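There are 2 protein chains.
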Amino acid sequence: MAETMNGLKRTHYCGEFGMKDVGSEVVACGWVQRQRDLGQLIFIDLRDRTGVVQLAFDEAAPRDIFEKAFTARAEFVLAARGVVRERTSKNPELPTGDVEIEVKELRVLAKAETPPFEIVENSNVKEDTRLKYRYLDLRRPDMQQRMIARHRIVKSARDYFDHHGFLEIETPNLIKSTPEGARDYLVPSRVFPGKFFALPQSPQQFKQLLMLSGFDRYVQFARCFRDEDLRADRQPEFTQIDLEMSFVDEDDVMEIGEGFLKHVFKEVLGVEVETPFQRMTWHEGMERFGSDKPDLRFGMELTDLSGALRGTAFRVFASALEKGSVRGINFKGGADRMTRKEIDKLAEWVKDYGAKGLAWTRLASTGESSSYEKFLSEEERAAVRTAMGAEPGDLLFLVASEKNSVVFASLGALRCELAARYNLIDRSKYCFLWITDFPLFEFSEEENRWVAMHHPFTAPREEDVGRLLSDPGSVCARAYDVVLNGYELGGGSIRINDAELQEKMFEALSFTPEEAQRRFGFFIDAFRYGAPPHGGMAVGLDRLVMLMTGTDNIRNVIAFPKVASSADLMSDAPAEVGGKQLEELGIAILPKE
Amino acid sequence: MAETMNGLKRTHYCGEFGMKDVGSEVVACGWVQRQRDLGQLIFIDLRDRTGVVQLAFDEAAPRDIFEKAFTARAEFVLAARGVVRERTSKNPELPTGDVEIEVKELRVLAKAETPPFEIVENSNVKEDTRLKYRYLDLRRPDMQQRMIARHRIVKSARDYFDHHGFLEIETPNLIKSTPEGARDYLVPSRVFPGKFFALPQSPQQFKQLLMLSGFDRYVQFARCFRDEDLRADRQPEFTQIDLEMSFVDEDDVMEIGEGFLKHVFKEVLGVEVETPFQRMTWHEGMERFGSDKPDLRFGMELTDLSGALRGTAFRVFASALEKGSVRGINFKGGADRMTRKEIDKLAEWVKDYGAKGLAWTRLASTGESSSYEKFLSEEERAAVRTAMGAEPGDLLFLVASEKNSVVFASLGALRCELAARYNLIDRSKYCFLWITDFPLFEFSEEENRWVAMHHPFTAPREEDVGRLLSDPGSVCARAYDVVLNGYELGGGSIRINDAELQEKMFEALSFTPEEAQRRFGFFIDAFRYGAPPHGGMAVGLDRLVMLMTGTDNIRNVIAFPKVASSADLMSDAPAEVGGKQLEELGIAILPKE
Numbered sequence: 239m240a241e242t243m244n245g246l247k248r249t250h251y252c253g254e255f256g257m258k259d260v261g262s263e264v265v266a267c268g269w270v271q272r273q274r275d276l277g278q279l280i281f282i283d284l285r286d287r288t289g290v291v292q293l294a295f296d297e298a299a300p301r302d303i304f305e306k307a308f309t310a311r312a313e314f315v316l317a318a319r320g321v322v323r324e325r326t327s328k329n330p331e332l333p334t335g336d337v338e339i340e341v342k343e344l345r346v347l348a349k350a351e352t353p354p355f356e357i358v359e360n361s362n363v364k365e366d367t368r369l370k371y372r373y374l375d376l377r378r379p380d381m382q383q384r385m386i387a388r389h390r391i392v393k394s395a396r397d398y399f400d401h402h403g404f405l406e407i408e409t410p411n412l413i414k415s416t417p418e419g420a421r422d423y424l425v426p427s428r429v430f431p432g433k434f435f436a437l438p439q440s441p442q443q444f445k446q447l448l449m450l451s452g453f454d455r456y457v458q459f460a461r462c463f464r465d466e467d468l469r470a471d472r473q474p475e476f477t478q479i480d481l482e483m484s485f486v487d488e489d490d491v492m493e494i495g496e497g498f499l500k501h502v503f504k505e506v507l508g509v510e511v512e513t514p515f516q517r518m519t520w521h522e523g524m525e526r527f528g529s530d531k532p533d534l535r536f537g538m539e540l541t542d543l544s545g546a547l548r549g550t551a552f553r554v555f556a557s558a559l560e561k562g563s564v565r566g567i568n569f570k571g572g573a574d575r576m577t578r579k580e581i582d583k584l585a586e587w588v589k590d591y592g593a594k595g596l597a598w599t600r601l602a603s604t605g606e607s608s609s610y611e612k613f614l615s616e617e618e619r620a621a622v623r624t625a626m627g628a629e630p631g632d633l634l635f636l637v638a639s640e641k642n643s644v645v646f647a648s649l650g651a652l653r654c655e656l657a658a659r660y661n662l663i664d665r666s667k668y669c670f671l672w673i674t675d676f677p678l679f680e681f682s683e684e685e686n687r688w689v690a691m692h693h694p695f696t697a698p699r700e701e702d703v704g705r706l707l708s709d710p711g712s713v714c715a716r717a718y719d720v721v722l723n724g725y726e727l728g729g730g731s732i733r734i735n736d737a738e739l740q741e742k743m744f745e746a747l748s749f750t751p752e753e754a755q756r757r758f759g760f761f762i763d764a765f766r767y768g769a770p771p772h773g774g775m776a777v778g779l780d781r782l783v784m785l786m787t788g789t790d791n792i793r794n795v796i797a798f799p800k801v802a803s804s805a806d807l808m809s810d811a812p813a814e815v816g817g818k819q820l821e822e823l824g825i826a827i828l829p830k831e
Numbered sequence: 239m240a241e242t243m244n245g246l247k248r249t250h251y252c253g254e255f256g257m258k259d260v261g262s263e264v265v266a267c268g269w270v271q272r273q274r275d276l277g278q279l280i281f282i283d284l285r286d287r288t289g290v291v292q293l294a295f296d297e298a299a300p301r302d303i304f305e306k307a308f309t310a311r312a313e314f315v316l317a318a319r320g321v322v323r324e325r326t327s328k329n330p331e332l333p334t335g336d337v338e339i340e341v342k343e344l345r346v347l348a349k350a351e352t353p354p355f356e357i358v359e360n361s362n363v364k365e366d367t368r369l370k371y372r373y374l375d376l377r378r379p380d381m382q383q384r385m386i387a388r389h390r391i392v393k394s395a396r397d398y399f400d401h402h403g404f405l406e407i408e409t410p411n412l413i414k415s416t417p418e419g420a421r422d423y424l425v426p427s428r429v430f431p432g433k434f435f436a437l438p439q440s441p442q443q444f445k446q447l448l449m450l451s452g453f454d455r456y457v458q459f460a461r462c463f464r465d466e467d468l469r470a471d472r473q474p475e476f477t478q479i480d481l482e483m484s485f486v487d488e489d490d491v492m493e494i495g496e497g498f499l500k501h502v503f504k505e506v507l508g509v510e511v512e513t514p515f516q517r518m519t520w521h522e523g524m525e526r527f528g529s530d531k532p533d534l535r536f537g538m539e540l541t542d543l544s545g546a547l548r549g550t551a552f553r554v555f556a557s558a559l560e561k562g563s564v565r566g567i568n569f570k571g572g573a574d575r576m577t578r579k580e581i582d583k584l585a586e587w588v589k590d591y592g593a594k595g596l597a598w599t600r601l602a603s604t605g606e607s608s609s610y611e612k613f614l615s616e617e618e619r620a621a622v623r624t625a626m627g628a629e630p631g632d633l634l635f636l637v638a639s640e641k642n643s644v645v646f647a648s649l650g651a652l653r654c655e656l657a658a659r660y661n662l663i664d665r666s667k668y669c670f671l672w673i674t675d676f677p678l679f680e681f682s683e684e685e686n687r688w689v690a691m692h693h694p695f696t697a698p699r700e701e702d703v704g705r706l707l708s709d710p711g712s713v714c715a716r717a718y719d720v721v722l723n724g725y726e727l728g729g730g731s732i733r734i735n736d737a738e739l740q741e742k743m744f745e746a747l748s749f750t751p752e753e754a755q756r757r758f759g760f761f762i763d764a765f766r767y768g769a770p771p772h773g774g775m776a777v778g779l780d781r782l783v784m785l786m787t788g789t790d791n792i793r794n795v796i797a798f799p800k801v802a803s804s805a806d807l808m809s810d811a812p813a814e815v816g817g818k819q820l821e822e823l824g825i826a827i828l829p830k831e
């Protein structure tokens, strides 16, 4: 059996050793990073979460120590007692490179089989393999640093909220299913067969009730669950920093949100974030960047070409202009950076966003070419170029559609894609902004009614309340999103605290009073007993950590993540369970179709 | 519609006002605690989470303000702008009682229907009603103070662990079902019909994997789930402070556990807790207190009467002594505090713990009586009295059983019951101790095999390893529980980190290698890649907060708790869900029997 710590106590972490320790007797513990056998001399790099230190063994050492060192392999777990000495040849690359430990006692606390991949930074291993052996993947220093950063971000955020009078209050994870938007995960009840709990998609209703209870300022680092078809940066369970405040308006919540981000960036990254953040209406975000989460680290703004093309005879543009628009972006100096073939590929790519095509003009040094200018009059051609500030070397992209939403989505995505591909982004920048004045409703073709863009408890702007029923499409929400470098970090709103207004809201959503009662019953009742004005927001913690640690893979900041199918490759969950377990729950598995 | 905050900003919380503010213009917000109409004068007590302040209105005020004040009712939500003035008749009972606000502007932010109970401290409302209207119950100052204390306990604990190098790492809530002891809550998978996730009973395996990954010190305030039949102090979901450390032995973990409790008691309650805590073996806890979680705030220890009764002719005692024991407790001065009828009732009560009867001797001032002395010889009588230190006025209780476990359970419970009923407990005391040297196994009559008393990854004491297979009943675990005032606050152990020893452990538990692989597969595999020595513990947060806030109802420290049936009375969960939801999950509800 393996040896034990019995009687040994670690004195230092591996990364802590330095010249100050020379001559001290010390105990270090960790994993073998590598062993080098030089005949009369053996070196072992010993690793823990703080770094690596060199253990030195020479033939003069007692036979058993030298032999143990000789047989040590990568990932063996060792405890070494010895004396720190200055190295004869120092390693300036290593923080502890001035010293080594001359080992007097060595214990092999655990042996290790050869791991399926080497435990080194940024290793090029397939992600599926990394996830299957997550416990080994997490040994890699870059993964360790991300987990440590996550801890520090969360700790520093909690300090901030505590300092500002927020109470962290835990809300339940076994709740009533009230589907709104995404699918709920369900949990069958054993005590009440045929009934189910749901896992929360967010603590929304509970945090509003806590305001109603007078807690005034609430925060929770809340686990949330959504049974959605997963995209690359989504997880079936995720963590949000969830907060709510009473007796406030938008500015109060936004000030707290800014303060929290400023504090965390300063504490964890040493980055000074300017506050207050820039604010932009939803409308402006769309017009200028084709996005409600614009990345402001680069320009390439959208140009509306309605003026330049008014009355054009070119049918594609003319029909787009009738109900929608023609807009473009100018990839400055892009003409010589893209081949014709690459442009054609982009035209295909943009179809994912609903665009029927991508019109372009290439002002290359080798000559001008265009996919659409031949259909325009000379004045129109010139007007488009002028509107877009075209200069020699530029590459213009135009999208025309009868739906503005398609124009925005296509050009917004294209803008980001070009910036990413051609390195137009200053990656040292953190560009925060608030998006405000969201529409309260969007029209659902599927349900043939107005639906809430956020949720039905979001307050409309006071000046718009009169149009709630007569012109819902024109009503703006008291909602705000915080955006960082093209990612929606979070968002929130001032909530409705007035029962009459809430009723009107349900009417606008075409709910009957009975339907509203059935779906939101006890929650609505609660509001009859004195609800203060309140509002709040939620910030996606996983995404925040992802952006702060400079990775673009959200699984890199979650210790044990799921893959896109929702499966856990390490433990092989979900899995089959025993028939007796299901019977106790009063459920059965339907036969496969 | 209700008025809004628009343009008003709160300047103080209600509880913050004092003489320092006299003459200042202020804005206060809150709920009407009560309104007193004195004709030309109206007073309103306005309440928020910090306290109450008096608003004053006199007839000279503008008509609309006076009228609003006149119609204000309990739980209306108000914002008041005004000037702080010294009261003519001060209220020394109230922290803000020196001053009042002369109101210049009053807004009714929300009206309120008459609540089902008054929002006052320690109100005598049925718990079911409180839970149905939890959002109102949480307005009561005592409930608010408990939630605030909970926040402070958690914050202070997190500060401690962060300071000591622990990383908070989140582990998943959708995991693989590996039933061990309690039932898992299951979550059907939509993507993999017929398969299920489970909600974690604890993050045990994940935290051990994190040690294997080299995180060295881990902590998590983890939500855990157990589908058990609920007792008064259990919840289907609860929170535990879960920690794990590498390269440590028992003393290291216990030192951290003590340090954390000392820190939190000092910071939150201002109570100095002495460390290190007293330690007691499991065996001593049983012998002296009949309990593995003894309440040390009072004496009344158990006396073993085997010596005094050796060779007795009294059959009941003699047969108990053959395989079990006869033990007793002395309720000092209890003889005149209990009637015969009360003693008889206790004899019934003790049957819940398996005792067939309760023998007693009452040395009352009105005369002596006994249920068993007549069956004993004079020497035996005297020996029992001497062994128990009996004096005039005492009341002796004896339990005899062929099972020591019954004797311990009965007398242990009786001891606590008498102390509680007759006020023998100094409630200002916090008596912490560690229970150590638990048996590693207990024999399951049901399964006819040895089962793990904690879990199969708990390490045996090194000196006992040789008896793992030959004499499992004699093997002690490297486990420890921390006990406070008779409650098990938490516990933990040093874990097995050696694959060979783990195999032996499974053998002792009568698992085949295949069974071990099927049940713990990937977890066992992980240990082949170098597992450091590690151990940890978990402390029940809900119970800790309960003990620190001086309530004996765990639901009083959880914002939205469940009742014993697992139901949430406020939202009426669990509930039925739509057939389409179930169909998507590939499950059906079994018809009721």
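Residue numbers (this note's numbering), protein chains in the order written: chain A, 239 to 831; chain B, 239 to 831.
Cβ coordinates follow ideal geometry from the N, Cα and C atoms, glycine included.
Predicted model, so just to flag it, every value in this text is computed and none were measured.
Item to check | Interface residues of chain A facing Y189 of chain B [CB-CB closer than 7 Å] | outcome: Within the shown structure, residues of chain B are numbered from 239 to 831, placing residue 189 of chain B beyond reach of any answer.
Checklist entry - So with Cβ pairs under 7 Å, would you call H401 of chain B a contact of chain A? => result Chain A, which has no Cβ nearer than 7 Å to the Cβ of H401 of chain B, makes this no.
Item to check | 8 Å CB neighbourhood of P330 of chain A in its chain, flanking five on each side removed | outcome: Within the same chain, and ignoring the five residues on either side of P330 of chain A in sequence, no residue has its Cβ closer than 8 Å to its Cβ.
Next on the checklist: Once the 5 residues before and after W688 of chain A are set aside, which same chain residues still bring their CB inside 8 Å of it?
Outcome noted: Closer than 8 Å at Cβ, skipping near neighbours: F679, E680, F681, S682, P710, G711, A746, L747 and S748.
Next on the checklist: Please confirm whether H389 of chain B has its beta-carbon closer than 7 Å to some beta-carbon of chain A.
Outcome noted: Put simply, the CB of H389 of chain B is near chain A, with a gap under 7 Å to one of its CB atoms.
Checklist entry - Who are P410 of chain B's beta bridge partners in DSSP? => result Bridge partners of P410 of chain B: none, in fact.
Checklist entry - Is K364 of chain B close to chain A, meaning its C-beta is less than 7 Å from at least one C-beta of that chain? => result Under the 7 Å criterion on CB atoms, K364 of chain B is classed as non-interfacial with respect to chain A.
Item to check | chain A contact for D480 of chain B (CB, 7 Å cutoff) | outcome: Taking Cβ atoms only, chain A never reaches closer than 7 Å to D480 of chain B, which makes this a no.
Checklist entry - Going by DSSP, what residues sit across from C714 of chain B in a beta bridge? => result Among the bridge pairs identified by DSSP, C714 of chain B is matched with B:P677.
Checklist entry - Got a sec, what are the start and stop residues for the alpha helix (DSSP H) S394 of chain A sits in? => result That run of the alpha helix (DSSP H) goes P379 to H401.
Checklist entry - Near F399 of chain A, which residues of its chain fall below 6 Å by C-beta distance, leaving aside the five closest residues on each side in sequence? => result Contacts found: V457.
Checklist entry - Mind checking R461 of chain A: buried by the 16 CB within 10 Å criterion, or exposed? => result The residue in question, R461 of chain A, is buried, as its Cβ has 16 or more Cβ neighbours within 10 Å.
Checklist entry - Ordered along the chain, which non-local residues of its own chain (more than five positions away) have a Cβ less than 8 Å from that of D259 of chain A? => result A distance below 8 Å between beta-carbons, with the five flanking residues on each side excluded, links D259 of chain A to the following residues of its chain, in chain order: H250, V322 and V337.
Checklist entry - In three-state terms, what does DSSP make of T604 of chain B? => result Residue state, collapsed to three classes: coil.
Checklist entry - Going along chain B, which residues have a C-beta under 8 Å from K393 of chain A? => result Residues of chain B passing the Cβ test: R396, D400 and E406.
Next on the checklist: Looking at Y373 of chain A: is its Cβ nearer than 7 Å to the Cβ of A769 of chain B?
Outcome noted: Taking 7 Å as the Cβ cut-off, Y373 of chain A and A769 of chain B do not qualify as a contacting pair.
Next on the checklist: Does Q755 of chain B come out as helix, strand or coil in the three-state DSSP assignment?
Outcome noted: Annotated three-state conformation of Q755 of chain B is helix, per DSSP.
Checklist entry - What's the gap between the Cα of D632 of chain B and the Cα of D582 of chain B? => result Here the alpha carbon of D632 of chain B sits roughly 17 Å from the alpha carbon of D582 of chain B.
Checklist entry - Are the beta-carbon atoms belonging to K349 of chain B and F314 of chain B less than 7 Å from one another? => result A contact, by the Cβ cut-off of 7 Å.
Item to check | chain A residues whose Cβ lies nearer than 8 Å to that of A813 of chain B | outcome: The answer, in chain order, is K414, S415, K433 and F434.
Checklist entry - Taking buried to mean at least 16 other C-beta atoms within 10 Å of its own C-beta, is P829 of chain A buried or exposed? => result Flag for P829 of chain A reads exposed.
Checklist entry - Does the beta carbon of G256 of chain B fall short of 6 Å from some heavy atom of the ligand ATP? => result The model depicted lacks the ligand ATP and carries no ligand whatsoever.
Item to check | Residues of the segment 584-605 of chain B whose Cβ lies closer than 7 Å to any Cβ of chain A, in chain order | outcome: Hits within the stretch: zero.
Checklist entry - Closest Cβ-Cβ distance between D283 of chain B and chain A: below 7 Å? => result Closer than 7 Å: no.
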